[in-house]
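Below is one structure, written out as C-alpha cells; the observations come after it.
Number of protein chains: 2
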Amino acid sequence: MELKEYNHAALDVMVEKYRNLIDSYIFDIMKGEPETLYKASTHLIKGGGKRLRPIIVLVSSRALGGPRAEAKAIYYATAIEVLHNFSLVHDDIMDNDDYRRGIPTVHKVYGIPTAILAGDLMFSYAFAIPYLAKKAGASDSEVLRAVNVIVEGSKRIAEGQGFDMLFEETWEIGEKDYLRMIYLKTAALIEASSRLGGIASGSSDEIVELIGQYGRLVGLSFQIKDDILGVFGDPKVTGKPRYSDLIRGKKTILVLYAASRKKEWKEFFKKIFEGDSSEETIKEGADIIKESGALDYAQKLAKNYSDNAVERLETIHSMGAIKEEEYFDALKDIAVFSFWRNK
Amino acid sequence: MELKEYNHAALDVMVEKYRNLIDSYIFDIMKGEPETLYKASTHLIKGGGKRLRPIIVLVSSRALGGPRAEAKAIYYATAIEVLHNFSLVHDDIMDNDDYRRGIPTVHKVYGIPTAILAGDLMFSYAFAIPYLAKKAGASDSEVLRAVNVIVEGSKRIAEGQGFDMLFEETWEIGEKDYLRMIYLKTAALIEASSRLGGIASGSSDEIVELIGQYGRLVGLSFQIKDDILGVFGDPKVTGKPRYSDLIRGKKTILVLYAASRKKEWKEFFKKIFEGDSSEETIKEGADIIKESGALDYAQKLAKNYSDNAVERLETIHSMGAIKEEEYFDALKDIAVFSFWRNK
Numbered sequence: 068m069e070l071k072e073y074n075h076a077a078l079d080v081m082v083e084k085y086r087n088l089i090d091s092y093i094f095d096i097m098k099g100e101p102e103t104l105y106k107a108s109t110h111l112i113k114g115g116g117k118r119l120r121p122i123i124v125l126v127s128s129r130a131l132g133g134p135r136a137e138a139k140a141i142y143y144a145t146a147i148e149v150l151h152n153f154s155l156v157h158d159d160i161m162d163n164d165d166y167r168r169g170i171p172t173v174h175k176v177y178g179i180p181t182a183i184l185a186g187d188l189m190f191s192y193a194f195a196i197p198y199l200a201k202k203a204g205a206s207d208s209e210v211l212r213a214v215n216v217i218v219e220g221s222k223r224i225a226e227g228q229g230f231d232m233l234f235e236e237t238w239e240i241g242e243k244d245y246l247r248m249i250y251l252k253t254a255a256l257i258e259a260s261s262r263l264g265g266i267a268s269g270s271s272d273e274i275v276e277l278i279g280q281y282g283r284l285v286g287l288s289f290q291i292k293d294d295i296l297g298v299f300g301d302p303k304v305t306g307k308p309r310y311s312d313l314i315r316g317k318k319t320i321l322v323l324y325a326a327s328r329k330k331e332w333k334e335f336f337k338k339i340f341e342g343d344s345s346e347e348t349i350k351e352g353a354d355i356i357k358e359s360g361a362l363d364y365a366q367k368l369a370k371n372y373s374d375n376a377v378e379r380l381e382t383i384h385s386m387g388a389i390k391e392e393e394y395f396d397a398l399k400d401i402a403v404f405s406f407w408r409n410k
Numbered sequence: 068m069e070l071k072e073y074n075h076a077a078l079d080v081m082v083e084k085y086r087n088l089i090d091s092y093i094f095d096i097m098k099g100e101p102e103t104l105y106k107a108s109t110h111l112i113k114g115g116g117k118r119l120r121p122i123i124v125l126v127s128s129r130a131l132g133g134p135r136a137e138a139k140a141i142y143y144a145t146a147i148e149v150l151h152n153f154s155l156v157h158d159d160i161m162d163n164d165d166y167r168r169g170i171p172t173v174h175k176v177y178g179i180p181t182a183i184l185a186g187d188l189m190f191s192y193a194f195a196i197p198y199l200a201k202k203a204g205a206s207d208s209e210v211l212r213a214v215n216v217i218v219e220g221s222k223r224i225a226e227g228q229g230f231d232m233l234f235e236e237t238w239e240i241g242e243k244d245y246l247r248m249i250y251l252k253t254a255a256l257i258e259a260s261s262r263l264g265g266i267a268s269g270s271s272d273e274i275v276e277l278i279g280q281y282g283r284l285v286g287l288s289f290q291i292k293d294d295i296l297g298v299f300g301d302p303k304v305t306g307k308p309r310y311s312d313l314i315r316g317k318k319t320i321l322v323l324y325a326a327s328r329k330k331e332w333k334e335f336f337k338k339i340f341e342g343d344s345s346e347e348t349i350k351e352g353a354d355i356i357k358e359s360g361a362l363d364y365a366q367k368l369a370k371n372y373s374d375n376a377v378e379r380l381e382t383i384h385s386m387g388a389i390k391e392e393e394y395f396d397a398l399k400d401i402a403v404f405s406f407w408r409n410k
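Residue numbers (the working numbering), protein chains in the order written: chain A, 68 to 410; chain B, 68 to 410.
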C-alpha cells in the first residue's frame, strides 16, 4: 500500500468554517485571575492545532439534524478541545517534551508547578463549559449526559496514559494490550466527540451509539496512522524529527509486531530503546519494521478501522438519520483523513 | 485570647458514624486498571484524614431534612473528598513535600509522572461519582447542579493555588489579597460541601445559599486557624515541625500583618524567607508575630468567621428549615471546631 495525497475537500470546508469559532469560544470563556495561570492555561491552545475533536462534535451534530453550531453543540465542542489540550499539557510534563506545535511546552515556559496547575484549571473548565449549553436551550438531562460523556472520556485518557507509561518498562505487550491502550489514550476522546454531537442533535440512543462507534473507529485508525507517521513520516511535513518514535523508544504496533516475529529483531529494538540510538541503528530499525511486514500490517489495520468507520456512517444513513448531506460527507472525509493523512 | 481544649462531642459522633462509610464508598468506586495507577490514586486517601468535607456534606443534608446519608448525599460527599485529595496530591508535587498524614507523598512513592496522572484520575472520579446519585433517586437537575458546584469549587482551588504560588514572589500582598487567596484555596471547597448538603436535602435556593455561606465562613476560620497552628501549634499535637510555616516561608496573615506594622519587622521576615532560618531567627520571628499584635488579630479574625458561621446556622434555624437538631448541633460544633481546634 502506498501513502498518497488525498483531497479532504469537505473536511477542509469545516475546518475553515469552525476553527475560528471554536477558538473564540475558548478564549472568551477561559478568562480570570491570576493572570499568569490563565496565560499558562491558554498557551498551548494559542499554539494552534487542527481542532479535529471539536469539529467532529459540530459536524456530527449537524449531520444528524442538530441546530446550528453556535446554538448548543459549540459548548460541548469547546469543552472537548480544552480537555484534549489539558491532557497534552500534563503529558508533555510526564514525557519531558520541550516542544509541541512548534512552540515551547507550557512547563518549559512557566515551570512544572504552574504547568501542572494550568492543566488542572483547564480540566476544571472542560467540566464547567458544558453547563453553558443550558443558556442555549439544552435541557438539564442533555447537559448531564454530555458531562458524563466527557467524564468517561477523561477517565479513559488517564488510564490510557497509565498503560502507555507502563509499556515503557516491559516487552510483555500483545496486540490486544496495544489496542486497549490506544483506545483509552486516543480513541476514547474521539468517540466522546462524535457521541457529544449525537447527543446535541437529539438523536435516539441507537444513533448516538452508532455515531460513537464511528468516533472510536476513527480514533483507532488515527492513532495507528500516528504511529506510522512517527517512524515513516516526512519530517518536512509532520514537523517531527525523522524516526522520532524510534528515538523516543515508543512501543508502537510497528515495533511490537516486528519484535514478535523474530527473536533477533526483538533484541535489536531492545538495544535501540536502551539507548543505542545512532542514526545507523535507528535506520536499521526502520528497515526491520518494513522487512518484518509490520508496516504493511499496521497500514491494513488502520485502513480497516477507517473503512469500518465509513461503514457505520452508511448504516446511520440507511436508517434515515442523516439530515444534512454536506456534513455527512465531511464525516466520511474525516474517517478517510484519519488513515490517508500524511501529517 | 487563650487557646483552649474544646469538646466536640456532636462532631465526634458524626466522624464515628460516617468516616468508614465514606471510605468504603471511595474504595468501592475507585477501582480499575492499570493497577499501579489506581494504587497511586488511593495512596493518600488510605493515609487517613479527618474527612471533614464529606462529613459537612452529609451533616448539612440531614440537618436540613435530607434522606439518610446512604441514599444520595453520600455520592456528593465521596466526590468532594476525592477532589480534596486530588488537590493535595498535586499540591505536594508543586510544593515538593515529602510527607503528608505521616506517610510519604504520592510522588515520593510513585514518581512525579505517575503522581500527576493519579491526581488527574482522581479529578475525573470527582466528576464521575455524583452521576451515581441518579441510581439513588436524584433527578438529572439535582445531579447537574451538584456537578456544577463541584466544578466551581475545583476551578477556585486551582486559582487559589495560583495566587498562593504568586505570593511566594512578592511582598505586595494586602489583607484583602490574602483573604481572597484562602477563600479560593480552602474555603471555596468547604462552601461547596455545605452547599451540596443543601442541594441533596432538596431545600429552597435561599437555604442552599445560607448553608453555602456557613461553609464559606467555616472555611475562612479553618484556614486562618491553620495558619496560626502552622507557627504556634504544638508539634506533638499537629504532627508538624515547630514554626513550620516560618521555615517554609509562607506569607500568612500573621507575617503579613506584622510586616505591615514596622519596616524593620518586614525586613526581618524577608531575611528569614530568603533562607536565614536558624532556630534563633525563626524563634525571633515568632516573637515578632506576638509582639506586633498579629497573633491576636488573626485569632480575632478567625473567631469572627466562626461566630458568623454559627449565626448563619441560627438564621436557618429561625426560618424553620432545620429538621434534625442532632445534625444542627454537629454543624455548630464544626464551626466552633474550625477555630478552637489545636490540630
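Beta carbons are placed, not taken as given, at the ideal position from N, Cα and C, and that holds for glycine. Computed from a predicted model, the values in this text were never measured in an experiment.
Beta carbon proximity, residue i to chain A, threshold 8 angstroms
| i | result |
| --- | --- |
| PHE190(B) | yes |
| TYR198(B) | yes |
| LYS222(B) | yes |
| THR253(B) | no |
| VAL218(B) | yes |
| ASP165(B) | no |
| VAL210(B) | yes |
Beta-ladder partner(s) of residue i, from DSSP
| i | result |
| --- | --- |
| ILE170(B) | ARG167(B) |
Buried versus exposed call for residue i [16 or more other C-beta atoms within 10 Å across all chains shown]
| i | result |
| --- | --- |
| VAL304(A) | exposed |
| MET414(B) | Residue 414(B) is absent from the model: chain B starts at 68 and stops at 410. |
| PHE289(A) | buried |
| ASP343(B) | exposed |
| SER345(B) | exposed |
| LYS310(A) | The displayed chain sequence assigns Tyr, not Lys, to residue 310(A). Buried. |
| GLU219(A) | buried |
| GLU148(A) | buried |
| TYR142(A) | buried |
| THR319(B) | buried |
| TYR245(B) | buried |
| GLY387(B) | exposed |
| ALA402(B) | buried |
| LYS399(B) | buried |
| PHE404(B) | buried |
| GLY115(B) | exposed |
| TYR166(A) | exposed |
| GLY279(A) | buried |
The alpha helix (DSSP H) enclosing residue i, as first and last residue numbers
| i | result |
| --- | --- |
| TYR394(B) | 392-407 |
| ASP158(A) | 140-161 |
| PRO302(A) | 302-305 |
| LEU246(B) | 242-249 |
| ASP294(B) | 272-299 |
| GLU239(A) | It is not in any alpha helix (DSSP H) - GLU239(A) carries neither H nor E in the DSSP assignment. |
| THR253(A) | Taken as a continuous stretch (DSSP letters only), THR253(A) belongs to no alpha helix (DSSP H), as it is neither H nor E. |
| ASP374(A) | 361-385 |
| LEU131(A) | Neither: LEU131(A) is in no alpha helix (DSSP H) and is coded neither H nor E. |
| HIS110(A) | 102-113 |
| ILE96(B) | 76-96 |
| LYS350(B) | 346-358 |
Residue-chain proximity (residue i, chain B), Cβ-Cβ < 8 angstroms
| i | result |
| --- | --- |
| ALA195(A) | yes |
| HIS110(A) | no |
| MET97(A) | no |
| ALA138(A) | no |
| ARG86(A) | no |
| MET68(A) | Note that MET68(A) scores a pLDDT of 45, beneath 50, so its modelled location is shaky and nothing firm can be said. |
| THR145(A) | no |
| VAL82(A) | no |
| THR181(A) | yes |
Residue i beta carbon near the ligand HEM (any heavy atom closer than 7 angstroms)
| i | result |
| --- | --- |
| LEU321(A) | This structure does not include the ligand HEM; it has no bound ligands of any sort. |
task: Counting only runs of 3+ residues fully inside the segment 306-334 of chain A, write out the beta strand (DSSP E) ranges in chain order.
output: As far as the segment 306-334 of chain A is concerned, it has no whole beta strand (DSSP E) run of at least 3 residues.
Residues of the segment 319-352 of chain B whose Cβ lies closer than 9 angstroms to any Cβ of chain C, in chain order: Looking at the structure shown, chain C is missing, and the protein chains on hand are A and B.
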